[in-house]
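Novice: I'd like to ask some things about the structure below.
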Amino acid sequence: MKPDAEKFLNEFTWKLKRFMEQTQEELFNMIPKTERENTKKAIGYLSMYMSGAFSAAQKKVTNVSNKSFDALPDNIKTKLLDIGNDIDDFLKRIRGFNDFNDPKTSQKTSK
Numbered sequence: 038m039k040p041d042a043e044k045f046l047n048e049f050t051w052k053l054k055r056f057m058e059q060t061q062e063e064l065f066n067m068i069p070k071t072e073r074e075n076t077k078k079a080i081g082y083l084s085m086y087m088s089g090a091f092s093a094a095q096k097k098v099t100n101v102s103n104k105s106f107d108a109l110p111d112n113i114k115t116k117l118l119d120i121g122n123d124i125d126d127f128l129k130r131i132r133g134f135n136d137f138n139d140p141k142t143s144q145k146t147s148k
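Take the sequence shown: its letters are residues 38 to 148, numbered as in my numbering.
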């Protein structure tokens, strides 16, 4: 039953995405050509602006985080780094366990 449900959901999702793409394309083609080109340019500029804004925000957050971390006493820094390493090791073990127990992954690795 589970594979059938997954297959149905995958097919439904694919069909829905395809329908949405076709509808978007048809609606976009209804717009006059000059307006379409201007819209494409505006979308391009907006996406460049947004990616730049996200990048700038990421740099500022990283900078503030680094300055805050550097201001901490050394023993606190060490404890935080140890906790981070413990969490990282734990997540790696979980991922390794999941990869080992996943039939798709184990078939790939056994070939």
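Cβ coordinates follow ideal geometry from the N, Cα and C atoms, glycine included.
1. Name the residue from T60, L118, F127 whose alpha carbon lies nearest to the alpha carbon of N103.
2. Grab the span of the alpha helix (DSSP H) containing L83 for me, first residue to last.
3. Rounded to whole angstroms, what's the CA-CA distance from K129 to N122? Just pull it up for me.
Specialist: Let me spell this out:
1. Between N103 and the set T60, L118, F127, the nearest pair of CA atoms involves L118.
2. For L83, the uninterrupted alpha helix (DSSP H) run begins and ends at 70-107, by DSSP.
3. Using only the alpha carbons, I get a separation of about 10 Å.
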